[in-house]
Amino acid sequence: MLIFSLLFACSEYELNTITFPDQGTEKENPLDLSTDSLIEDDGEDVYENITEISTGSECDGNAPPELITWTPASQSILDVGDALLEAWVHDEDGDDVWITWLDDSGSIIGEGFADENGYISIDWMDERPIGEQRIQIQIQDDCIQKMTDFEVCQEAGYSQDELQLDRWNLEGSAEILSDGVLELTGLETFQLGSAFMTDEIVLGNEVEIRFEYKTEGGTGADGISLTALDTTRMTSFLGGSGCGIGYGGNTSCTDGIGLPGWSIELDSWFNGELPDPTSHDHVAMSFDGDIANPVVWSPTHELEETGWHVVEIFVHAPHIRVVIDNYLYIDEDVAGDFDFPAYIGFTGSTGGQTNLHSIRGLVVQESVCSTDEEEEVEYLIPEDLPESTIDFSFTYHQDSDWGAGYCGRVVVQNNGSSAGVWSYPYAIDGHIQSSWGATVTEDDDSWMFQGENHNRSVDAGQQTSFGFCVNR
């Protein structure tokens, strides 16, 4: 199944795309010579100037070269990383056409002759200024030079095909290998590692992140997180070990304190009755390292021993989208605090079981340039995920009643096919004096019971219980 997802924003910039017929490895000139038609850029801020560079007799009657079209087009948004610059030209006299791109400062980005099809491309690999900027394309034959100016907008962020040690803060077992791959844990038990890009700060409410992830070689545990670490509240770069996956805490299965900010975990190990929302490999999002209460989660296909996986995370608060290998797993609004400056980084851990956890090819992009158009993105919807039916039943038993009060207990039964996290609203006749096996919060005329750390998650077919005493 395919899904088409639309991205929204608002500004003068357009998401211009040009599609040409499939010509194999050749780039055909899109000019229709039979009608002398031109494909023209319709941007409002395109300026053209023609200059004669030779007035000799050999230039009498010379036709100027024509710039047919180019990419990126006027008013395009440039993503972080290398940009491919392309141009298609035509010269009626059959002269060779020399093409030069210049940046806003007049420096040459790249240049060269168009091929026999009138096509040229270059990779713009230099660091580019953030925001709006003007680019000039110069084309010339032996007699005439034409210059075309247009505007683009450069997104903010950074790209690291190979992670650079001097820009990262590494803690615990994390290390950057000689090939630029980040290894969060080795094949040893009870390891804990984190790596945060401290050379750049991004906004936690508007950021897009892409990286590649691989876990293999051990017995399966525990997983990693991509964490946006709140720089205004942080006191450490490490959260809890084991089930805490290096970012979580404040629960009985780990000894650490949760990292402030938001985290998206890729979890490949089920911790039994400890707070995992499912027994399957899964992706989950939580705030401030509260691993026992993810705000959204989804089972995934097998993550371990399956090679490199491309992970894409889009945060346009309050909307979250998580895509793995072009499969859309999470796509919804969530409640939480996104409004903070953040370091982007990774955490990982092992417990009594192990795995290598490796990261490469990180791209982090902030939305500086916005658009009033819609970008259509095509994703796959996973159709053969493990069944994750969760069906809880709650049975009340009154243990005692002395007129002025009573004590009772509730048996929580998971009748579903996978582990799940339970909660139960219950109308209490009176005032609770004590309770056990659950945390209790008051909600109008009823009380909300939720499992404690040891029994918050219940396996399929299993049960737990909680109780309370009440004064009428």
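Numbering-wise, the sequence shown is residues 208 to 679 according to this note's numbering. Even glycine gets a Cβ: it sits at the ideal position worked out from N, Cα and C. Given the structure is predicted, the values throughout are model-derived calculations rather than measurements.
Return the bridge partner residues of PRO548 from the DSSP annotation. Position 341 of the sequence shown, counted from the start, is the residue given in the question as residue 548. Listed as beta-bridge partners of PRO548 by DSSP are LEU410.
Is the segment 374 to 388 close to the segment 289 to 304, with three or more CB pairs under 8 angstroms? The count of Cβ pairs closer than 8 angstroms, one atom from the segment 374 to 388 and one from the segment 289 to 304, stays below three, leaving the stretches out of contact.
Along the chain, which unbroken stretches of the beta strand (DSSP E) at least 3 residues long are found entirely within the segment 516 to 573? For the segment 516 to 573, whole beta strand (DSSP E) runs of length 3 or above, ordered along the chain, are 516 to 523, 526 to 531, 534 to 540, 548 to 556, 563 to 573.
Does CYS266 come out as helix, strand or coil in the three-state DSSP assignment? Locating residue 266 in the sequence shown gives position 59, where the first residue counts as 1. If DSSP states are grouped into helix, strand and coil, CYS266 belongs with the helices.
Rounded C-alpha distance that separates SER672 from GLY387: Reading the sequence shown from its first residue, position 465 is the one you call residue 672. Reading the sequence shown from its first residue, position 180 is the one you call residue 387. C-alpha of SER672 to C-alpha of GLY387: approximately 50 angstroms in a straight line.
According to the neighbour-count rule (16 or more other Cβ atoms, all chains shown, within 10 Å of its Cβ), is TYR603 buried or exposed? Taking the first residue of the sequence shown as 1, we reach residue 603 at position 396. The residue in question, TYR603, is exposed, as its Cβ has fewer than 16 Cβ neighbours within 10 Å.
PHE673, DSSP secondary structure in three states: Counted from its first residue, the sequence shown places residue 673 at position 466. Reduced to three states, the DSSP call for PHE673 is strand.
Can you name the start and end residues of the beta strand (DSSP E) that VAL617 belongs to? Here residue 617 is taken as the residue at index 410 of the sequence shown, counted from 1. 612 to 621 is the extent of the beta strand (DSSP E) around VAL617.
Smallest Cα separation from ILE316: which of TYR326, LEU291, ASP303, GLU339? For the purposes of this step, residue 316 is taken as the residue at position 109 of the sequence shown. Checking every option, the nearest Cα to that of ILE316 belongs to LEU291.
Compare the beta carbon distance of VAL409 and PRO279 with 8 angstroms and say whether it is the shorter of the two. Residue mapping note: residue 409 aligns to position 202 of the sequence shown, counting from 1. Residue mapping note: residue 279 aligns to position 72 of the sequence shown, counting from 1. No; because the gap between Cβ atoms is not below 8 angstroms, this pair is not in contact.
Are there three or more Cβ pairs, one per stretch, closer than 8 angstroms when the segment 543 to 550 is compared with the segment 427 to 440? Touching, per the Cβ criterion.
GLN343 - containing beta strand (DSSP E), residue span: As a first step, residue 343 must be located in the sequence shown, where it is residue number 136. Segment 338 to 347, the beta strand (DSSP E) holding GLN343.
Starting from the Cα of SER493, find the closest Cα among LEU389, ASP267, VAL414, GLU472 and give me that residue. Residue mapping note: residue 493 aligns to position 286 of the sequence shown, counting from 1. The residue with the shortest Cα to Cα distance from SER493 is GLU472.
Answer with buried or exposed for GLY400, where buried requires no fewer than 16 other C-beta atoms within 10 angstroms of its C-beta. As a first step, residue 400 is located in the sequence shown; it is residue number 193 there, counting from the start. Flag for GLY400 reads buried.
Does PRO272 pass the burial test, meaning 16 or more other C-beta atoms within 10 Å, or should it be called exposed? Mapped onto the sequence shown, residue 272 falls at position 65. PRO272 sits buried, since 16 or more C-beta atoms from the chains shown fall within 10 Å of its C-beta.
VAL458 vs GLY449 beta-carbon contact at 8 angstroms: Here the question's residue 458 lines up with position 251 in the sequence shown. Here the question's residue 449 lines up with position 242 in the sequence shown. Val is not the amino acid found at residue 458; the sequence shown has Thr there. Going by C-beta atoms, THR458 is not nearer than 8 angstroms to GLY449.
Compute the Euclidean distance between the alpha carbons of ASN684 and THR355, then round it to the nearest angstrom. It is not possible to answer for residue 684, since the shown part of the chain is limited to 208 through 679.
Which value, in whole angstroms, describes the spacing of the CA atoms of PRO525 and ASP348? One-based indexing of the sequence shown puts residue 525 at position 318. One-based indexing of the sequence shown puts residue 348 at position 141. About 53 angstroms.
Would the beta-carbon of THR557 fall within 8 angstroms of that of ALA428? In the sequence shown, residue 557 corresponds to position 350, counting from 1. In the sequence shown, residue 428 corresponds to position 221, counting from 1. Here THR557 is near ALA428, since their CB atoms are less than 8 angstroms apart.
Any idea if GLN605 is buried or exposed, counting beta-carbon neighbours within 10 angstroms, 16 or more meaning buried? Position 398 of the sequence shown holds residue 605. Exposed is the call here.
Assuming GLY430 and GLY555 are in contact, meaning their beta carbons sit under 8 angstroms apart, how far apart are those beta carbons, in whole angstroms? On the sequence shown, position 223 is the one that residue 430 refers to. On the sequence shown, position 348 is the one that residue 555 refers to. Under the criterion of beta carbons closer than 8 angstroms, GLY430 and GLY555 qualify as touching, at roughly 7 angstroms.
Residue nearest to LYS353 in terms of C-alpha spacing, selected from THR422, VAL571, VAL253: Working through the sequence shown from its first residue, we reach residue 353 at position 146. Measuring from the Cα of LYS353, the nearest candidate turns out to be VAL253.
Reducing DSSP to helix, strand and coil, say where SER630 ends up. One-based indexing of the sequence shown puts residue 630 at position 423. Correct three-state label for SER630: strand.
Thinking just about the alpha-carbon of each residue, which of PHE521, ALA645, SER281 is nearest to the one in GLY411? Position 204 of the sequence shown, counting from 1, holds the residue named residue 411. Per the C-alpha coordinates, the member of PHE521, ALA645, SER281 positioned closest to GLY411 is PHE521.
Reducing DSSP to helix, strand and coil, say where LEU285 ends up. If you number the sequence shown from 1, residue 285 lands on position 78. Strand.
CYS360 - DSSP class collapsed to helix/strand/coil: What you label residue 360 is simply residue 153 of the sequence shown in a count that begins at 1. Note: CYS360 maps to strand in three-state DSSP.
In angstroms, rounded to a whole number, what distance separates the CA positions of THR513 and LYS421? As a working note, residue 513 is residue 306 in the sequence shown. As a working note, residue 421 is residue 214 in the sequence shown. Roughly 8 angstroms between the two C-alpha positions.
Whole-angstrom distance between PHE601 and VAL618, CA atom to CA atom: Within the sequence shown, numbered from 1, the residue matching residue 618 stands at position 411. Within the sequence shown, numbered from 1, the residue matching residue 601 stands at position 394. Taking the straight line from one Cα to the other gives about 6 angstroms.
Closest Cα partner of CYS614 within the set GLU590, TYR536, PHE675: Taking the first residue of the sequence shown as position 1, residue 614 is located at position 407. If we check each option's Cα against that of CYS614, PHE675 comes out closest.
When the Cα of GLU382 is compared with those of SER574, HIS564, ASN662, which residue comes out closest? Taking the sequence shown and counting its residues from 1, the one referred to as residue 382 is at position 175. Closest by C-alpha distance to GLU382, out of SER574, HIS564, ASN662, is HIS564.
Below 8 angstroms CB to CB, which residues in the same chain sit around VAL490 once its five sequence neighbours on both sides are set aside? Here residue 490 corresponds to residue number 283 of the sequence shown, with the count starting at 1. These residues qualify, in order along the chain: ILE471, GLU472, LEU473, ASP474, TRP504, SER505, THR507, VAL529, ILE531, TYR536, ILE537.
Does the separation of the CB atoms of GLY637 and VAL677 fall below 8 angstroms? The sequence position of residue 637 within the sequence shown is 430, counting from 1. The sequence position of residue 677 within the sequence shown is 470, counting from 1. Going by C-beta atoms, GLY637 is nearer than 8 angstroms to VAL677.
Counting only the same chain and skipping the five closest in sequence on each side, list residues whose C-beta sits under 7 angstroms from that of ALA321. On the sequence shown, position 114 is the one that residue 321 refers to. Same-chain partners within the cutoff: VAL296, VAL304, ILE306, ILE327.
Closest by C-alpha distance to PHE418, when choosing among ARG616, VAL571, TYR631: In the sequence shown, the residue the question calls residue 418 occupies position 211. For the set ARG616, VAL571, TYR631, the Cα lying nearest the Cα of PHE418 is the one of VAL571.
Less than 8 angstroms between the CB atoms is what I'm expecting for GLY465 and GLY456, so what's the real figure, rounded? Position 258 of the sequence shown, counted from the first residue, corresponds to residue 465. Position 249 of the sequence shown, counted from the first residue, corresponds to residue 456. Right, the Cβ-Cβ distance comes to about 4 angstroms (below 8 angstroms), so this counts as a contact.
Counting only the same chain and skipping the five closest in sequence on each side, list residues whose C-beta sits under 7 angstroms from that of THR646. Your numbering for residue 646 matches position 439 in the sequence shown. GLN657, GLU659, listed in sequence order.
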